[in-house]
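Structure first, then comments.
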Amino acid sequence: EPEVTQTPSHQVTQMGQEVILRCVPISNHLYFYWYRQILGQKVEFLVSFYNNEISEKSEIFDDQFSVERPDGSNFTLKIRSTKLEDSAMYFCASSVESLGPKNIQYFGAGTRLSVL
Amino acid sequence: QKEVEQDPGPLSVPEGAIVSLNCTYSNSAFQYFMWYRQYSRKGPELLMYTYSSGNKEDGRFTAQVDKSSKYISLFIRDSQPSDSATYLCAMRRNTDKLIFGTGTRLQVFP
């Protein structure tokens, strides 16, 4: 069964450093998402992406965050200057469609980001 | 008022029990409803998806949506220890972002 793959599974970084989290969405999916889950809290939407453009972003997704599809298979989330409060699980998801009933989002296993 | 409310539990039941998990929501614009299962430190795994009021069954799982009451439920029949996980409700307006509940932690003991 096709799945969303995320690397690394755990990333440790120093405050102020840049990190790039990587995702390989399901191959025939066209819509990509990043969500975040701080320990003990709910999963929160960060950003959606289609056709090399951001479709929607939350207020969490400020200028420190950026997303990119650098090639035909990868989808990345970059945090330019990490803060302690960026420590969380970051989940990538993908779907065949965006709106309507066919937007069924499948999630990767996540990257645990620890900012020290 | 939160957009999506979910009792965090924990809910502890014996093997074989019927489990009922619930979420309420405040925005009648939500049209699509999902239940995800999340094991510790893993990603959400889609269990059930529905976009109309009524019941949808898949094996031991039944999802129920009552749009008039803004209430959704997930029933698990013949619960197993392997069902022990956190169950997340999620819903979506006619946009692409999912709004999640806080999750209910379920423990099924043998």
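Those protein sequence lines, which keep their order, are chains W and V. According to the numbering used here, the first sequence is numbered sequentially starting from 10. According to the numbering used here, the second sequence is numbered sequentially starting from 156. All C-beta atoms in this analysis are idealised placements derived from N, C-alpha and C, irrespective of residue type, glycine included.
Below 8 Å on C-beta distance, what does Tyr-99/W contact in chain V? The sequence position of residue 99/W within the first sequence is 90, counting from 1. What Tyr-99/W touches in chain V: nothing, since even the nearest Cβ is about 10 Å away.
Ala-240/V classed as buried or exposed, judged by whether at least 16 other C-beta atoms fall within 10 angstroms: Against the second sequence, residue 240/V aligns to sequence position 85. Flag for Ala-240/V reads buried.
Where are the beta strand (DSSP E) runs, 3 residues long or more, that stay fully inside the region 199-227 of chain V, in chain order? 200-205, 209-213 and 216-221
I'd like to know if Gly-198/V contacts chain W, where contact means its C-beta is closer than 9 Å to some C-beta of that chain. Mapped onto the second sequence, residue 198/V falls at position 43. True, the Cβ-Cβ gap to chain W drops below 9 Å.
For Asn-249/V, return the contacting residues in chain W, with the cut-off set at a CB-CB distance below 8 Å. Within the second sequence, numbered from 1, the residue matching residue 249/V stands at position 94. Per Cβ cutoff of 8 Å: Leu-108 and Gly-109.
For a test of the three-state rule: what should DSSP assign to Glu-94/W, helix, strand or coil? Residue numbering aside, residue 94/W sits at position 85 when the first sequence is read from its first letter. Three-state DSSP puts Glu-94/W in a helix.
Taking only the alpha-carbon atoms, compute the straight-line gap between Cys-178/V and Phe-70/W and give it to the nearest angstrom. Along the second sequence, one-based indexing puts residue 178/V at 23. Along the first sequence, one-based indexing puts residue 70/W at 61. Looking at the two C-alpha atoms, the distance is approximately 27 Å.
Name the chain W residues whose beta carbon is nearer than 9 Å to that of Leu-201/V? On the second sequence, position 46 is the one that residue 201/V refers to. Chain W residues near Leu-201/V: Ile-113, Gln-114, Tyr-115 and Phe-116.
Whole-angstrom distance between Arg-121/W and Phe-230/V, CA atom to CA atom: Indexing the second sequence from 1 puts residue 230/V at position 75. Indexing the first sequence from 1 puts residue 121/W at position 112. Answer to the nearest angstrom: the Cα atoms are 31 Å apart.
Within a Cβ cutoff of 8 Å, which residues of the same chain sit near Glu-170/V, ignoring the five residues on either side of it in sequence? For the purposes of this step, residue 170/V is identified with residue 15 of the second sequence, where counting begins at 1. Excluding positions up to five away in sequence, the list reads Ser-234, Gln-235, Pro-236, Val-263, Phe-264 and Pro-265.
Taking Cβ-Cβ distances below 8 Å as the criterion, which residues of the region 226-259 of chain V are in contact with chain W? Leu-243, Ala-245, Arg-247, Asn-249, Thr-250, Asp-251, Lys-252, Leu-253, Ile-254, Phe-255, Gly-256, Thr-257 and Gly-258
Could you check whether Lys-252/V and Ser-103/W sit closer than 9 Å to each other, using their CB atoms as the reference points? Within the first sequence, residue 103/W is the residue found at index 94, counting from 1. Within the second sequence, residue 252/V is the residue found at index 97, counting from 1. Not in contact: Ser-103/W and Lys-252/V (Cβ atoms no closer than 9 Å).
Verify the CB distance criterion: does Tyr-180/V have a CB-CB separation below 9 Å to chain W? The sequence position of residue 180/V within the second sequence is 25, counting from 1. Not one chain W Cβ lies under 9 Å of Tyr-180/V.
Answer with buried or exposed for Thr-16/W, where buried requires no fewer than 16 other C-beta atoms within 10 angstroms of its C-beta. As a working note, residue 16/W is residue 7 in the first sequence. Thr-16/W should be labelled exposed.
Are the C-beta atoms of Ser-96/W and some chain V residue less than 9 Å apart? The residue you call residue 96/W lines up with position 87 of the first sequence. It does not: the Cβ of Ser-96/W has no partner Cβ on chain V nearer than 9 Å.
Rounded to the nearest angstrom, what separates Gln-156/V and Ser-181/V at their Cα positions? Locating residue 156/V in the second sequence gives position 1, where the first residue counts as 1. Locating residue 181/V in the second sequence gives position 26, where the first residue counts as 1. Their backbone Cα atoms lie some 7 Å apart in a straight line.
Under a CB-based cut-off of 9 Å, is Val-33/W close to chain V? In the first sequence, counting from the first residue as 1, residue 33/W sits at position 24. Output row for Val-33/W: interface = no.
Residues near Arg-232/V in its chain [Cβ-Cβ closer than 6 Å; skip 5 each side]: Position 77 of the second sequence, counted from the start, is the residue given in the question as residue 232/V. Within the same chain, Arg-232/V has close Cβ partners Ile-173 and Arg-215.
So that I know if they touch, is there some Cβ in chain V lying closer than 9 Å to that of Phe-74/W? Reading the first sequence from its first residue, position 65 is the one you call residue 74/W. Not closer than 9 Å to any Cβ of chain V, the Cβ of Phe-74/W fails to qualify, so no.
Short Cβ contact (9 Å threshold) for Tyr-99/W with Trp-43/W: For the purposes of this step, residue 99/W is identified with residue 90 of the first sequence, where counting begins at 1. For the purposes of this step, residue 43/W is identified with residue 34 of the first sequence, where counting begins at 1. Going by C-beta atoms, Tyr-99/W is nearer than 9 Å to Trp-43/W.
Within chain V, partners of Glu-65/W - CB distance below 9 Å: Taking the first sequence and counting its residues from 1, one reaches residue 65/W at position 56. Those within 9 Å of Glu-65/W in chain V are Thr-250, Asp-251 and Lys-252.
Buried or exposed for Asp-238/V, please, with buried defined as at least 16 other CB atoms from any protein chain shown within 10 angstroms of its CB. Taking the first residue of the second sequence as position 1, residue 238/V is located at position 83. Its Cβ being crowded by 16 or more others within 10 Å, Asp-238/V is buried.
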